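In what follows, a single structure is set out as structure tokens and then discussed.
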Amino acid sequence: MADLVSYIIRKMMLAVPVIILATFIVFLMLYLTPGDPVIAIAPPHASAADLDALRDKYGFNDPLPVQYGSFLWRLLHGDLGQSVSVGTLHVSVGDLLVQKLPRTLELMAIGLTISYTMGIPLGVYAALRQNSWGDRGVMVFTLVAYAMPSFWLGILLMMALSVYTHILPAEGTVGGFGSIILPALTLGLGNAALTTRMMRSSMLEVKRQDFITQLRSRGLPEREVIFKHALRNAILPVITVIGLDIGWFVGGAVVVETVFSWPGLGMLMTTSIQNHDFPVVQGCILVLAIFVILGNLVADMLYAYADPRVRLG
Amino acid sequence: MMLRKGLNDRLLAWKMAGGVKQTIVEIIDNGRRNSMVVVGFTIIVIMVALALLAPWLPMADPTPRTIVQDDVLLSPSPSHWFGTDELGRDVFSRVIWGTRVSLTVATTAVVLSLMVGVILGLTAGYFGGAVDYIISGTIDLFWTFPAFLLALAFAAALGPSLMNVILAISISYWAGFARLMRGQALTVRERQFVEASRALGAKNSRIMFTHVLPNCLAPLIVWASIGVADAITIESSLSFLGVGTQPPTPSWGYMLYRGIPYLEEAPWMATFPGMVLLITILGFNLLGDGLRDVLDPRMKGLRP
Chain B
742 MADLVSYIIR KMMLAVPVII LATFIVFLML YLTPGDPVIA IAPPHASAAD
792 LDALRDKYGF NDPLPVQYGS FLWRLLHGDL GQSVSVGTLH VSVGDLLVQK
842 LPRTLELMAI GLTISYTMGI PLGVYAALRQ NSWGDRGVMV FTLVAYAMPS
892 FWLGILLMMA LSVYTHILPA EGTVGGFGSI ILPALTLGLG NAALTTRMMR
942 SSMLEVKRQD FITQLRSRGL PEREVIFKHA LRNAILPVIT VIGLDIGWFV
992 GGAVVVETVF SWPGLGMLMT TSIQNHDFPV VQGCILVLAI FVILGNLVAD
1042 MLYAYADPRV RLG
Chain U
-4 MMLRKGLNDR LLAWKMAGGV KQTIVEIIDN GRRNSMVVVG FTIIVIMVAL
46 ALLAPWLPMA DPTPRTIVQD DVLLSPSPSH WFGTDELGRD VFSRVIWGTR
96 VSLTVATTAV VLSLMVGVIL GLTAGYFGGA VDYIISGTID LFWTFPAFLL
146 ALAFAAALGP SLMNVILAIS ISYWAGFARL MRGQALTVRE RQFVEASRAL
196 GAKNSRIMFT HVLPNCLAPL IVWASIGVAD AITIESSLSF LGVGTQPPTP
246 SWGYMLYRGI PYLEEAPWMA TFPGMVLLIT ILGFNLLGDG LRDVLDPRMK
296 GLRP
């Protein structure tokens, strides 16, 4: 157990520089953006001296490291600045994020559920019937679903289930629970392809191991051999990557929320990019990046827990 | 003198045993027999040919300056194979010209990240020690950071333009190549032919680029192929979100975005660019997956 704890601590230490990189990238964004930030807040006929005074006031004249330092200092106090969009002028970015975050989490949770409830049975099925037509069909599905950009899959689902058949609402949240199905399905299907492939290969590997042959030779029914013994071993590596899926879902959520006008962080981010509302964009990227980093950390921990060899490496 | 000549001959034999020529011969020979490689390669050849020939194909202007009211939202017909969009532009012509944009951005981005990744990964893996420590630290940082978010952040900050999209994708993608290259260099540098050429007095740079690099060619080709597919996905996603290729330049992602309000009225506006986009990504993925199976049979059907 001690080695597991030290392994986790080591991994957590590694996450710190990545989070610092995230803050630096987010800080740099404002720097790279063309245009002078004070022009936007200065009165229309401000003289050059006035502009310079404003720059001094907001610290734009300080050297880069000083500005980054004060940015980090404010960040540590939970201050992400204020929105500059017309609709949400002067609203604190932190409040906006807190308000939108549950929507994105909701979407990811349902998407993740869809991905696993689809991917695991499909993968097991394909592995048990390796090289059959059923297996080939599953593999073609994974190939296409994996290659499909999420926005295109979203549009296709929208056409099939909403525009032509009117089964589900196409956009927004007015349809209650029905509204979340399409975006969650879009997110889940792409990831299901990955889960299916992993489950299939993991099952194939376990299936040909000696202990399975041994169980069969003892006369255990095939059903018991597969579902009680093989599956339990094969599912482990698939579950441990659940943390890595978060990265996939974060990227997907930004696009999918935009397709379906789902009012979460991703949608907030794209509208803010269009409005040049950079404080909000910064906040969104930071929150989403931290999510992915934590997801990676969870994956590492689960992996080390499941496979003791990893901790020693 | 005799000894040196003998060594040279053996070196040549070793190099041939794992060198560029042999890798390429191996790829073509085994690739022909893998259906994934054949299908993927065929798709890519067709798409590249369409992209190259676009200016000479008998098609309507993809970006006309005037809107002809009679041409708006026409359904597919012999004169407009894929129909027309809300500004009366021929969707077929825009899809073909979009191929050009997509492939240019994706391949340039992959070549850029390949170059940066190979140089950094090779240096880290070959020299080891403190150099490796610093470079691998940087690689790990960028590897852990979510690629799409990084690309989105840079594209949003730099402002939308073709060059910035390429830069954004490269910044988020080079770490994958560097990681791969470092791992390969670590194993190849221990092989005998590297030791032999060092004994002959070859310079580090010569060993790195003429001996170590060619031996890492196979996995690099696999990764580059899958990388182009990823880059096309990122480019189209950025364009879909409005921070990628800017109108009126035809881009698949933006065409799909414009198609959403017209899904009921004119579904061809989104459907055709979407199909071509999917087929292209599928082509590069198939080629990459197939080559991986061919070049590394141990992994066949096992890796997700």
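For the protein sequence lines, the chains are B and U, in the order given. Take the first sequence: its letter number 182 is residue 923 in the numbering used here, and every next letter is one higher. Take the second sequence: its letter number 267 is residue 262 in the numbering used here, and every next letter is one higher. Note that CB positions come from ideal geometry on N, CA and C, so glycine has one too. As the structure is a prediction and not an experimental result, all values here were calculated from the model.
Residue range of the unbroken alpha helix (DSSP H) whose run includes residue i
i: Y905/B; result: Looking at the DSSP string, Y905/B is not in any alpha helix (DSSP H), and its letter there is neither H nor E.
i: Q1015/B; result: L1006 to Q1015
i: W51/U; result: Counting along the chain, W51/U falls outside any alpha helix (DSSP H), and DSSP gives it neither H nor E.
i: W138/U; result: G124 to T139
i: G810/B; result: L805 to L817
i: K198/U; result: Neither: K198/U is in no alpha helix (DSSP H) and is coded neither H nor E.
i: E230/U; result: L212 to F235
i: Q840/B; result: V834 to L869
i: E190/U; result: Q187 to A194
i: D820/B; result: That residue, D820/B, is in no alpha helix (DSSP H); it is neither H nor E in DSSP.
i: I976/B; result: L972 to T981
i: I1056/B; result: Lying outside 742 to 1054, the shown extent of chain B, residue 1056/B is not represented and no answer is given.
Cα-Cα separation between residue i and residue j, rounded to whole angstroms
i: I760/B; j: S108/U; result: 23 Å
i: L792/B; j: P57/U; result: 44 Å
i: T37/U; j: L277/U; result: 11 Å
i: L175/U; j: M31/U; result: 23 Å
i: A226/U; j: T102/U; result: 8 Å
i: Y21/U; j: L212/U; result: A small correction: the amino acid at residue 21/U is Glu; Tyr does not occupy that position in the sequence shown. Distance between the alpha carbons of E21/U and L212/U is about 12 Å.
i: T999/B; j: L236/U; result: 8 Å
i: N210/U; j: S165/U; result: 24 Å
i: G222/U; j: T139/U; result: 17 Å
i: T936/B; j: R60/U; result: 48 Å
i: L928/B; j: D85/U; result: 32 Å
i: M859/B; j: R949/B; result: 24 Å
i: R877/B; j: V34/U; result: 16 Å
i: V1039/B; j: G984/B; result: 5 Å
i: K295/U; j: A971/B; result: Any reading at K295/U must be qualified, since the residue scores a pLDDT of 47, below 50, and its modelled position is unreliable; the value itself is stated next. Approximately 21 Å between the Cα atoms of the pair.
i: A790/B; j: V839/B; result: 39 Å
i: R298/U; j: D66/U; result: Only weak support exists for where R298/U lies, its pLDDT of 40 falling under 50; the value from the coordinates is given anyway. The straight-line gap from Cα to Cα measures roughly 50 Å.
i: A49/U; j: L821/B; result: 48 Å
i: F801/B; j: S826/B; result: 21 Å
i: P962/B; j: Q955/B; result: 12 Å
i: L837/B; j: L47/U; result: 47 Å
i: P784/B; j: A933/B; result: 53 Å
i: R201/U; j: G171/U; result: 24 Å
i: I750/B; j: L1009/B; result: 34 Å
i: P804/B; j: Y772/B; result: 12 Å
i: L930/B; j: I851/B; result: 11 Å
i: V105/U; j: I23/U; result: 22 Å
i: L745/B; j: Y1046/B; result: 7 Å
i: D284/U; j: M939/B; result: 15 Å
Cβ-Cβ distance between residue i and residue j below 9 Å
i: I134/U; j: G123/U; result: no
i: V238/U; j: A173/U; result: no
i: I921/B; j: W1003/B; result: yes
i: I980/B; j: L1043/B; result: yes
i: A163/U; j: L233/U; result: yes
i: M880/B; j: I255/U; result: no
i: P268/U; j: G93/U; result: yes
i: I1026/B; j: L147/U; result: yes
i: T228/U; j: P890/B; result: yes
i: L98/U; j: V43/U; result: yes
i: L272/U; j: L258/U; result: no
i: D1048/B; j: L945/B; result: no
i: N300/U; j: V217/U; result: Residue 300/U cannot be examined here, being either before or after the span of chain U that is shown, -4 to 299.
i: R892/B; j: V991/B; result: Correcting the residue type first, residue 892/B is Phe in the shown sequence and not Arg. Result no, Cβ atoms of F892/B and V991/B do not sit closer than 9 Å.
i: A219/U; j: N280/U; result: no
is_contact[residue i, chain C] using C-beta, thresh 9 Å
i: M849/B; result: Given the protein chain composition of this structure (B and U), no chain C is represented.
For the stretch 220 to 237 of chain U, which residues have a beta carbon sitting closer than 8 Å to at least one beta carbon of chain B?
Listed by position along the chain: A224, T228, S231, S232, F235, L236 and G237.
Using Cβ-Cβ distances below 8 Å, what residues of the stretch 907 to 940 of chain B are close to chain U?
L935, R938 and M939
Which residues, in chain order, does the stretch 253 to 269 of chain U contribute to contact with chain B at a C-beta distance below 9 Å?
G254, I255, L258, E259, P262, A265, T266, P268 and G269
Give, in chain order, every residue of the stretch 1024 to 1052 of chain B whose Cβ lies closer than 7 Å to some Cβ of chain U.
So the list reads I1026, L1029, A1030, V1033, I1034 and N1037, given in the order they occur along the chain.
Compile a chain-ordered list of the residues in the stretch 138 to 152 of chain U whose CB is closer than 8 Å to at least one CB of chain B.
T139, F140, P141, A142, F143, L144, L145, L147, A148, F149, A151 and A152
Return the residues of the stretch 888 to 900 of chain B that lie within a Cβ-Cβ distance of less than 8 Å from chain U, sorted by chain order.
A888, M889, P890, S891, F892, W893, I896, L897, M899 and M900
May I ask you to verify whether the stretch 763 to 773 of chain B touches the stretch 809 to 829 of chain B, counting CB pairs closer than 8 Å and requiring at least 3?
yes
Counting beta carbon pairs with one atom in the stretch 173 to 193 of chain U and one in the stretch 846 to 860 of chain B, are three or more of them shorter than 8 Å?
no
Just by C-beta distance, which residues in the stretch 972 to 989 of chain B are closer than 7 Å to chain U?
G988
When Cβ atoms are compared, which residues of the stretch 833 to 844 of chain B fall closer than 9 Å to chain U?
Taking 9 Å as the Cβ-Cβ cut-off against chain U, none of the residues of the stretch 833 to 844 of chain B qualify.
Cβ-based contacts, 7 Å cut-off: residues of the stretch 274 to 290 of chain U near chain B
I276, L277 and N280
I want to know whether the stretch 961 to 977 of chain B touches the stretch 193 to 208 of chain U - three or more CB-CB distances under 8 Å.
no
Decide yes or no for the touch test of the stretch 827 to 837 of chain B against the stretch 907 to 916 of chain B: beta carbon pairs closer than 8 Å, at least 3 of them.
No: fewer than three Cβ pairs fall under 8 Å.
Give, in chain order, every residue of the stretch 1003 to 1021 of chain B whose Cβ lies closer than 7 Å to some Cβ of chain U.
T1011, I1014 and Q1015
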